[in-house]
Amino acid sequence: MTRSYCLSYLTLELSPPETITLAARSGYQSAGVRLMPALPGGQAFPMWKDAAMLRETERAIADTGVSIHDIEIACIDGETRVDHWLPMLETAGRLKARTVIAAGLDKDEGRLTDTFAALCEAARPFGLSINLEFTPWAPLNSAAAALRVVTAADQPNGEVLIDTIHVARSATTLDDLQGIPASRMSYLQICDCPARPAESLEDLLFTARQERLLPGEGGADLAGIVGALPADLIVSVEIPSHRRIADMGHAAWAELCLAESRRAMADFDAGRQP
């Protein structure tokens, strides 16, 4: 089995053209880009407002053959409506991206479900799926909760996104992962994290956003997580490490992340039960 690998935006936090160029040099098949911020005032590249960067991104895709896999991020917070995300969806469609990531930040699960369903409907004309991500610090904080929302929304392009660090640091079990229909998943995000539980919310966020570990360096049950998921998922390498990028540079870090992710995934796949 040949896995396809995506260089996640968060690993390098560079502009779309830079991310695509480094993904190609390092051997990734696709890349992720952030068009809308994950936090108020956070970094993003809204290319519908920057025609020059959009053209540069399209040239990078054409020149390298690296496609755009995922677009970040639609933060479903209970207040933002689908119209707000339409420019991102239109741009994602123009770039021929595969999916858009959504974050479940609304405490009202019924309203979250309705907004997610509307977002899926708006994304469908652009050939996009919507991947709903859970995080242990958000209202949507487990794979079971994410599946509940995606199932209730009942949209053909609605999917559950599994990030190994969020599985390791939430109440999600391997049985929860095995209970997600294969039709509701298309990729996973891989990284490792310290074996010790986070001591505080600040510690939890710091590790997730700035200092993740390479597969095998930490204590997450990556073999169990990967083994509980379908064998044909695309692998998004999402391993931010501000410290190591400062030491070795973006290009070397992208290459090391891919090499270690490939090594780990080959071991996990070889160990799957027939």
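If you're matching positions, the sequence shown starts at 154 in our numbering and goes up one per residue.
For every residue, glycine included, the Cβ atom is placed at its ideal position computed from N, Cα and C.
Predicted model only: the values in this text are computed from it and were never measured.
| Item | Value |
| --- | --- |
| Touch test, the segment 308-325 against the segment 274-294, Cβ-Cβ under 8 angstroms, three pairs minimum | yes |
| Nonlocal neighbours in the same chain, by C-beta distance under 8 angstroms from ARG264, ignoring five residues either side | GLY231 |
| The alpha helix (DSSP H) enclosing ILE378, as first and last residue numbers | 375-380 |
| Nearest-angstrom Cα separation, counted from MET401 out to THR266 | 43 angstroms |
| The segment 323-340 touching the segment 361-368, judged by at least three CB pairs closer than 8 angstroms | no |
| Every unbroken alpha helix (DSSP H) within the segment 368-427, with a cutoff of 4 residues, ordered by chain | 375-380, 395-401 and 403-423 |
| Where THR233 falls: helix, strand or coil (DSSP) | coil |
| Proximal residues to LEU354 (C-beta, below 7 angstroms), its chain only, five neighbours per side dropped | TRP290 |
| Chain C within 8 angstroms of PHE421, Cβ atoms only | In summary, chain C is missing from the structure at hand, where a single protein chain is found. |
| Of the listed residues THR155, THR164 and ALA399, nearest to GLU391 (C-alpha basis) | THR164 |
| Alpha-carbon spacing of VAL303 relative to PHE198, whole angstroms | 28 angstroms |
| Every unbroken beta strand (DSSP E) inside the segment 182-217 [3 residues or more] | 183-187 |
| Beta strand (DSSP E) runs contained entirely in the segment 332-358, provided each spans 3 or more residues | 340-343 |
| Proximity of GLY246 and PHE279 at Cβ, strictly below 8 angstroms | yes |
| Close Cβ partners of THR217 (< 8 angstroms) along its chain, the five nearest in sequence each way excluded | ILE173, THR174, ALA176 and ALA177 |
| Straight-line Cα distance separating ALA298 from ILE254 | 16 angstroms |
| Straight-line gap, GLY332 to ASP316 (C-alpha atoms, nearest Å) | 16 angstroms |
| Which residues DSSP lists as bridging LEU285, in chain order | ALA255 and VAL313 |
| LEU300, enclosing alpha helix (DSSP H) - first and last residue | 296-306 |
| Nearest candidate by alpha-carbon position, reference HIS222, set LYS202, ALA204, SER183 and TRP201 | SER183 |
| LEU163, enclosing alpha helix (DSSP H) - first and last residue | 162-165 |
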